[in-house]
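With our numbering applied, the sequence shown corresponds to residues 1 to 301, in that order.
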Amino acid sequence: MTVTLDAAFFARLSRLRLAMGHKASMNLTGDRKSTQKGSSTEFSDFREYMPGDDIRRIDWNAYGRLDRLYVKEYMEEKEVIVSILIDTSASMDYGIHKKSERACMLAAAFAYMGLNNMDRVMLYDMRQMQQPFAAGGGKRALPKIVDWLSQRTFDKRADVGEAVRQLPANGPGMTLIISDFLQESFIDSGQEQEAARKILRFLEYRRQRAAFLHVLAGEELSAGLSAELTGTRNLIDMEEKSTLRLTLDTASIRVYEQAVQEFLSGLRQECARKGAFHAVCSTETDIYQQIFQELRKLYDF
1 MTVTLDAAFF
11 ARLSRLRLAM
21 GHKASMNLTG
31 DRKSTQKGSS
41 TEFSDFREYM
51 PGDDIRRIDW
61 NAYGRLDRLY
71 VKEYMEEKEV
81 IVSILIDTSA
91 SMDYGIHKKS
101 ERACMLAAAF
111 AYMGLNNMDR
121 VMLYDMRQMQ
131 QPFAAGGGKR
141 ALPKIVDWLS
151 QRTFDKRADV
161 GEAVRQLPAN
171 GPGMTLIISD
181 FLQESFIDSG
191 QEQEAARKIL
201 RFLEYRRQRA
211 AFLHVLAGEE
221 LSAGLSAELT
231 GTRNLIDMEE
241 KSTLRLTLDT
251 ASIRVYEQAV
261 QEFLSGLRQE
271 CARKGAFHAV
281 CSTETDIYQQ
291 IFQELRKLYD
301 F
């Protein structure tokens, strides 16, 4: 997977900062200001160890009791964790302009925003949740993130809900889910809101600001855009490899597009109820317009 974004794009990103939507877990080494009081040596809390943490912070007494690694945090040293989950299922590799490429561009952009403000960025491949990529230390880590994204493969299946439930408890932060959400639990009639509700409840419990970046190909949003989809066609499920033979005419395309809008509306409404962010990220939209206009509500200015 190739991630192609130029220096001018990242220069503009430098002026943006993710809006966390809460007051806790701020890192004074960056541009964010802490609302908590206390010296840098005042103990605050424990959290699970993550790759890249200073091993000197590990509480070995806790390890002896619990057989798990925890690190100590202090009042003025708690970091914002930006978790970015990327759906790497086979359905994401679809489109004249592939959804997988747009997903990686979005992940690179938001990772850079976090790094530029000295947040800790955790990148997750939904099919390999136990192997996250941890990045910190500012925007100099961007090349490593781009390299990691370039190594992603999009095949088989991924379960969005199960991936979210595997997130470690790292304190308040932001979780961005980049997916087409094309799995049975979301697309079954009337079920998309319940599937989203479970994810949002979990993230709310974990004190996360949640964002659903809903990546869809232009021809998925409007089947009429693709002349190849009209007439009698064999539709092949990219994940199950099953085949369905259909005849698509103007009327059936209209029914399909109405169903897509109902699907999107259900997710949008559930996110709104929970104070979460939802945006459709079409592969037909210019990436500059998407980042700097359509996703503006995610940023502090």
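No residue lacks a Cβ here, since even glycine has one placed at the ideal position from N, Cα and C.
Item: Cβ contact check for the region 248-260 and the region 65-74: 3 or more pairs under 8 Å; Value: no
Item: Arg-197 to Ala-276 span [Cα, whole Å]; Value: 11 Å
Item: Sequence-distant residues of its chain with Cβ nearer than 8 Å to Arg-165 (five each side left out); Value: Phe-202
Item: Rounded C-alpha distance that separates Asp-53 from Leu-106; Value: 26 Å
Item: Spatial distance of Tyr-256 from Thr-232 (CA atoms); Value: 15 Å
Item: Sequence-distant residues of its chain with Cβ nearer than 6 Å to Tyr-288 (five each side left out); Value: none
Item: Counterpart residues of Met-70 in DSSP-defined beta bridges; Value: Going by the sequence as given, residue 70 is Tyr instead of Met. Per DSSP, Glu-48.
Item: Buried/exposed call for Ser-100, threshold 16 Cβ in 10 Å; Value: buried
Item: C-alpha gap between Glu-220 and Arg-157, whole angstroms; Value: 19 Å
Item: Buried or exposed (CB count within 10 angstroms, at least 16 for buried), Glu-162; Value: exposed
Item: Given Ile-84 as reference, the closest of Gly-64, Ile-178, Val-215 once Cα atoms are compared; Value: Ile-178
Item: Three CB pairs or more closer than 8 Å across the region 56-67 and the region 104-122; Value: no
Item: Counted within 10 angstroms of its Cβ, other Cβ atoms place Ser-282 as buried (16 or more) or exposed; Value: buried
Item: Chain B within 9 Å of Met-50, Cβ atoms only; Value: Given the protein chain composition of this structure (a single chain), no chain B is represented.
Item: Assigned secondary structure, Ala-182 (DSSP; H/G/I helix, E/B strand, else coil); Value: Here the sequence assigns Leu to residue 182, which means Ala is not the residue at that position. Note: Leu-182 maps to coil in three-state DSSP.
Item: Reduced DSSP secondary structure (H/G/I, E/B, other) of Tyr-124; Value: strand
Item: Reference Leu-267, options Pro-172, Thr-243, Phe-292, Ala-195, closest by Cα; Value: Ala-195
Item: Met-118 (DSSP reduced to helix, strand or coil); Value: coil
Item: Whole-angstrom distance between Tyr-205 and Arg-102, CA atom to CA atom; Value: 30 Å
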